[in-house]
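S.K.:
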Amino acid sequence: ETGVTQSPTHLIKTRGQQVTLRCSSQSGHNTVSWYQQALGQGPQFIFQYYREEENGRGNFPPRFSGLQFPNYSSELNVNALELDDSALYLCASSLGLAGAFNEQFFGPGTRLTVL
Amino acid sequence: GDSVTQMEGPVTLSEEAFLTINCTYTATGYPSLFWYVQYPGEGLQLLLKATKADDKGSNKGFEATYRKETTSFHLEKGSVQVSDSAVYFCAPSSGAGSYQLTFGKGTKLSVIP
Chain E
89 ETGVTQSPTH
99 LIKTRGQQVT
109 LRCSSQSGHN
119 TVSWYQQALG
129 QGPQFIFQYY
139 REEENGRGNF
149 PPRFSGLQFP
159 NYSSELNVNA
169 LELDDSALYL
179 CASSLGLAGA
189 FNEQFFGPGT
199 RLTVL
Chain A
32 GDSVTQMEGP
42 VTLSEEAFLT
52 INCTYTATGY
62 PSLFWYVQYP
72 GEGLQLLLKA
82 TKADDKGSNK
92 GFEATYRKET
102 TSFHLEKGSV
112 QVSDSAVYFC
122 APSSGAGSYQ
132 LTFGKGTKLS
142 VIP
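Residue numbers (my numbering), protein chains in the order written: chain E, 89 to 203; chain A, 32 to 144.
#1: Taking GLU140 of chain E as the reference, which of E:PRO150, E:ALA126, E:SER161 has the closest Cα?
#2: Could you say which of A:LEU75, A:SER116, A:ASN53 lies nearest to VAL106 of chain A if we only look at CA atoms?
#3: Contact defined as beta carbons within less than 8 Å: I believe PHE133 of chain E pairs with GLN76 of chain A. What is the distance between those atoms, to the nearest angstrom?
#4: Use the C-beta contact count for LYS80 of chain A: other C-beta atoms within 10 angstroms, 16 or more gives buried, fewer gives exposed.
#5: With DSSP as the reference, please indicate the residues paired to ILE143 of chain A in a beta bridge.
#6: Which whole-angstrom value describes the C-beta separation of PHE204 of chain E and GLN114 of chain E, a residue pair presumed to lie in contact below a C-beta threshold of 8 Å?
#7: Which residue spans inside the segment 52-122 of chain A form an unbroken beta strand (DSSP E) run of at least 3?
#8: At 9 Å on the CB atoms, spell out the chain E contacts of PHE134 of chain A, in chain order.
#9: Run through chain E and tell me which residues come within less than 8 Å of GLY88 of chain A, C-beta to C-beta.
#10: Between which two residues does the beta strand (DSSP E) carrying GLN124 of chain E extend?
#11: PRO196 of chain E versus chain A: which residues are under 8 Å apart at the beta carbon?
#12: Can you look up LEU171 of chain E in the DSSP assignment and give me helix, strand or coil?
#13: Are the Cβ atoms of PRO62 of chain A and SER125 of chain A separated by less than 8 Å?
#14: May I ask you to list, following chain order, the residues of the segment 98-126 of chain A that have a beta carbon less than 8 Å from some beta carbon of chain E?
#15: Residues of chain E with CB closer than 7 Å to the CB of GLY137 of chain A, please, in chain order.
Here is the structure:
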């Protein structure tokens, strides 16, 4: 069974650019959540996708957007990058809506640096 | 919204010492409570969870009890090992349908031989 994978591992962009991060969920999982983890902080919830629809969003501006595909893989897009967007971006998948009985499994993350 | 207050680190302990990492939370409704661990160079892993008041989650010698009256979920281990060195995150899970995790800032634990 393959775990959650993310690509790329590292990425360097400049202010104003756009970036796309990718996540492959664990086999059979239909829910993907994205988190942003700034250096020295805990992860912050960006949004969640369930069966290709956005299902909950944290306190992030609209320039953070996402997609989930029929195979349940997912993309996180960030437009007009700002310096504060530099962080580790984590993807987590679960079988069904994440909750007490549906554990979220995390990928290794994508380290984004904005210069 | 939900919030978590977690014991500030870093915490340095000698091997076989007793560990407590305090965690208190505010959340809407009746959250489930989780502890996640992040080992050096690895992703987040679920350590233990509790879904209702007075439940005790346990795993790998770690324990935490869901205390609704004090809104706390303190992590404990009776005898830590060097291999327990990691960053520990407390996280309630709530939200209308999306069950998003709200993480604390994390507590870095270093265990020395």
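We put the CB at the ideal spot given by N, CA and C, even for glycine.
M.R.: Here's the rundown:
#1: E:SER161
#2: What sits at residue 106 of chain A in the sequence shown is Leu, not Val. Per the Cα distances, A:ASN53.
#3: The Cβ separation is near 18 Å, so there is no contact.
#4: buried
#5: A:SER45
#6: Residue 204 of chain E lies beyond the residue range present for chain E, which begins at 89 and ends at 203; the question has no answer from this structure.
#7: 54-57, 63-69, 75-81, 87-90, 93-96, 106-108
#8: TYR123, GLN125, GLN129, GLY130, PRO131, GLN132, PHE133
#9: Within 8 Å Cβ-Cβ: nothing; GLY88 of chain A doesn't reach chain E, min ~11 Å.
#10: 119-125
#11: GLU73, GLY74
#12: helix
#13: yes
#14: PHE120, ALA122, SER124, GLY126
#15: GLY130
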